[in-house]
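No gaps in the numbering here: position 410 of the sequence shown is 410 in my numbering, and each next residue is one more.
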Amino acid sequence: MKEIISPEFMKNKRLLPVLLLAVMMILSAVSCKQNPILFNISNEIEPKDPRIPGAASKMAAVTESLNANLNNRLYVARKYIYSYGGNSWNKIANQPGGYVVEVTASNNASDKAKTALYALTIEPYQVWKTTDGINWSTISNSTSYPTLQGIFAVDDNLFAAAAIRSSSGEENYAILWYNGSTLVSLRENMGKNGRLTGAVHVNGSHNLYYFSTINTGIFSLAPAALMAGALASSVALPGSTTSGNVTGLIADVPQDNLLAVTSSGKIITGPADGTSSFEEKANYDNVRFNGSLGIAVIESYSTDPNSVYEYDGYTMMIGYESTSDSYNFGYREIALDSTTGELPSSIYINTPGSFTTSSVAYSNKSQAEYTASLGKHIVQSIIQTPDSIDPKRTLFASTYKEGVWSYRIKEWNAEE
């Protein structure tokens, strides 16, 4: 090994104590500076091979079907459709035609015969529907917007993001609705910033549908007004167009308030009354919220001797991507009201495992374990399994490149 200290320097013994002191100071400084990184590395969990590899779609739950072949299952797509019934993920026997890129499910508790699973395929773009988990039918598209880029099922209604491309490749978006026979447009000519990114139905004190778009705002619509052209002359809700590209929309547990996230690290909220303004509640530099949203019920960990808390409550999970750190992804959380599940008046995001109301069991190393596992990967969808499917309410995440992950035995890892 090449000497880094010259013989001449070694001959001068009076300088040795100075050299040793300098080396010790440097090592001490480096050690202190790298300590969090070293701690994360020391708590890194050995990765598993995912049963569903690659880029997995958003996940959907069916809990209100009359058909046992369809009911009480989670669904996800990665070329094919896979289902989870409480034990493991398996490719379903009957697949729609084409390459499946997305699934969504409508659950109608008052009329379970209307509950359905939908699939979006490409080459060609096509929406498929099944109400029994066996037989699939295609849904026709009567509009002039053939490129389908997302499907969103709410109650017994299906909405779709659609576009038409110009000769130069620029996209002009529309919001489509399945009227029971075909896809029709609720609003057309929305330009390149009009892609539908979320659909929510609130059943609280107000009975309304909400639609979020990339950069043309958030719109509301009464169920009775659902028909072709219903949003053609609608005006976006105040405050919903001023915070950048909206990537996702969700309601809190009592469905009294809405929360939307943007690609520029902003969070906006507003009362779900159809008229009130949205307000910017948080703004994070060098962050992209990708639109992945979910709410989890936090269970008590009192039976685990390694846990340091007991808590039952709610947390909202938000897909998170750092634009300045290539290893900082995963999701972040907002602690909701422990009794009602309402959004707090002040919005703060927290790293999973860093606080007592987290979806990750709180301990002195839980944050490090999360950061060294799922925290390294882009989360495209996150969901807590309904207890009718899995009494343990297992958390699942679809990642951008590393397949489907789960939170089991207090660790995030690929689902085998």
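Heads up, the beta-carbon is just placed ideally off N, CA and C, and yes, glycines get one too.
Between the stretch 382-398 and the stretch 47-64, the count of C-beta pairs closer than 8 Å reaches three or more; the two stretches touch.
The shortest C-alpha to C-alpha distance from residue 238 to any of 209, 276 and 228 is the one to 276.
Under DSSP, residue 68 forms no beta bridge with any residue. Inside the stretch 340-372, DSSP marks whole alpha helix (DSSP H) runs of 4 or more residues at positions 366-371, from first to last along the chain. Restricted to the stretch 149-234, the beta strand (DSSP E) segments that are unbroken, complete and at least 3 residues in length are 157-165, 171-178, 182-187, 196-202, 208-213 and 218-221, listed in chain order. Within the stretch 247-330, the complete beta strand (DSSP E) runs of at least 3 residues fall at 257-262, 266-271, 279-283, 287-298 and 313-322. In the structure shown, the three-state DSSP call for residue 79 is strand. The Cβ-Cβ distance between residue 357 and residue 385 does not fall below 8 Å. For the pair residue 258 and residue 184, the CB atoms are not nearer than the 8 Å cut-off. CA-CA distance, residue 327 to residue 402, rounds to 14 Å.
Put simply, the backbone Cα of residue 92 is about 19 Å away from that of residue 126.
Contact between residue 165 and residue 174 fails: their C-beta atoms lie close to 12 Å from each other, not under 8 Å. Assignment of residue 55 by DSSP, reduced to helix, strand and coil, places it in the coil class. When DSSP states are grouped into helix, strand and coil, residue 113 belongs to the helix group. Counting only the Cα atoms, residue 353 lies some 41 Å from residue 178.
Shown here for residue 331: same chain residues with a beta carbon closer than 8 Å to its own, the five before and five after excluded, namely 292, 317, 318, 319, 320, 352, 374, 379, 382 and 397 in chain order. With 16 or more other CB atoms across the displayed protein chains lying within 10 angstroms of its CB, residue 133 is buried.
Taking 8 Å as the upper bound for CB-CB distance, residue 118 and residue 104 are in contact here, some 5 Å apart. For residue 415, there is no enclosing beta strand (DSSP E), as DSSP marks it with neither H nor E.
Straight-line spacing of the CA atoms in residue 377 and residue 227 works out to 40 Å. Taken through DSSP and simplified to helix, strand or coil, residue 48 comes out as coil. Residue 369 has its alpha-carbon roughly 17 Å from the corresponding atom of residue 415. A residue is called buried once 16 or more other Cβ atoms fall within 10 Å of its Cβ, and residue 360 is buried on that count. CA-to-CA, the gap between residue 274 and residue 221 works out to about 8 Å.
Between residue 407 and residue 55, the gap from beta carbon to beta carbon reaches 8 Å or more. Following the DSSP letters along the chain, one finds residue 407 inside the beta strand (DSSP E) bounded by residues 404-408. In summary, residue 58 is buried, with 16 or more beta-carbon neighbours lying within 10 Å of its beta-carbon over all protein chains present.
In the structure shown, residue 395 falls within a strand segment according to DSSP collapsed to helix, strand and coil.
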